[in-house]
């Protein structure tokens with residue numbers, strides 16, 4: 001005997017299918033909610049946070065992260081290798097470091113050195129004998145550097161090092177600021193650190209992945225290629241591929 005489904009049975013079956021389909025959609029939605037944010041969302045949270053409260057010497061990002069931006073105001077006369085090594089190896093500080101470099105062309109570098117030598121000679125003429133001897137050493141050093149530039153054995157850059165320090169509270173930010181100043185002031189860095197007072201908004205943009213120096217060239221120093229090289233960490237690992 002052939003069985004025939006009644007209209008009521010067919011309707012019940014259809015309702016069952018609809019229920020299953022809705023459950024499947026709900027499960028799919030739940031799975032989507034559990035997924036991690038996509039890359040663009042993560043980048044947006046870094047480059048353009050949802051909220052930023054600006055204070056004179058720091059900022060509060062997304063109501064939970066306290067940040068303060070600095071720049072290195074003065075570098076040592078002869079920066080040693082591993083200039084920022086202590087800072088890079090410190091695991092207790094949450095820092096982001098951004099180094100901005102603008103190279104001088106050869107002629108501009110020579111002109112800059114010539115102006116520097118002229119200024120030193122004027123100061124030497126107006127100074128006493130003891131200071132005059134010290135200035136003569138500076139003049140001789142400047143002439144030597146100028147000869148290296150003319151021979152393409154040295155180059156100059158306008159360089160700026162900008163540091164963003166992050167913490168979970170204002171008190172922790174102040175404590176870590178003291179530690180950061182100590183690291184930058186002591187050897188091997190021997191540098192002077194400056195807070196971007198009233199310029200935290202521009203400072204945050206300068207250290208961000210956007211790459212633009214919003215704090216301006218006044219926060220940069222004239223550095224040799226040797227000084228630039230001393231900023232970057234070096235690896236002692238020796239790598240050799242299978243082919244040699």
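In the UniProt record's numbering, the protein residues as written are 1 to 244. The beta-carbon is built from N, C-alpha and C at its ideal position, and this holds for glycine as well. These numbers were taken from a predicted model, which means no experiment stands behind them.
#1: Quick one: is residue 109 near chain D, going by C-beta distance under 9 Å?
#2: Rounded to whole angstroms, what is the Cα-Cα separation between residue 99 and residue 158?
#3: Quick check on residue 150: does DSSP put it in helix, strand or coil?
#4: Counting only runs that start and end within the segment 71-156, where is the alpha helix (DSSP H) found for 4 or more residues in a row?
#5: Quick one, which of 231, 232 and 224 has its alpha-carbon nearest residue 104's?
#6: Can you look up residue 178 in the DSSP assignment and give me helix, strand or coil?
#7: Please state whether the Cβ-Cβ distance between residue 163 and residue 90 is less than 9 Å.
#8: Going straight from the alpha carbon of residue 120 to that of residue 139, what length do you get?
#9: Which same chain residues end up closer than 8 Å to residue 185 when comparing Cβ atoms and leaving out the 5 residues on each side of it in sequence?
#10: For residue 178 and residue 215, what's the separation of their Cα atoms in angstroms?
#11: What does DSSP give as the partner residues of residue 163 in its beta bridges?
#12: I'd like the span of the alpha helix (DSSP H) that includes residue 59, first residue to last.
#13: Taking DSSP's pairing of strands, which residues face residue 246 in a bridge?
Once the coordinates are examined:
#1: No chain D is present in this structure, which holds just one protein chain.
#2: 11 Å
#3: Assigned with DSSP and collapsed to three states, residue 150 falls in helix.
#4: The qualifying runs are 85-89, 106-126 and 129-150.
#5: 224
#6: helix
#7: no
#8: 6 Å
#9: 191, 192 and 193
#10: 23 Å
#11: 70 and 97
#12: No alpha helix (DSSP H) holds residue 59; the beta strand (DSSP E) holding it covers 59-61.
#13: Residue 246 is absent from the model: the chain starts at 1 and stops at 244.
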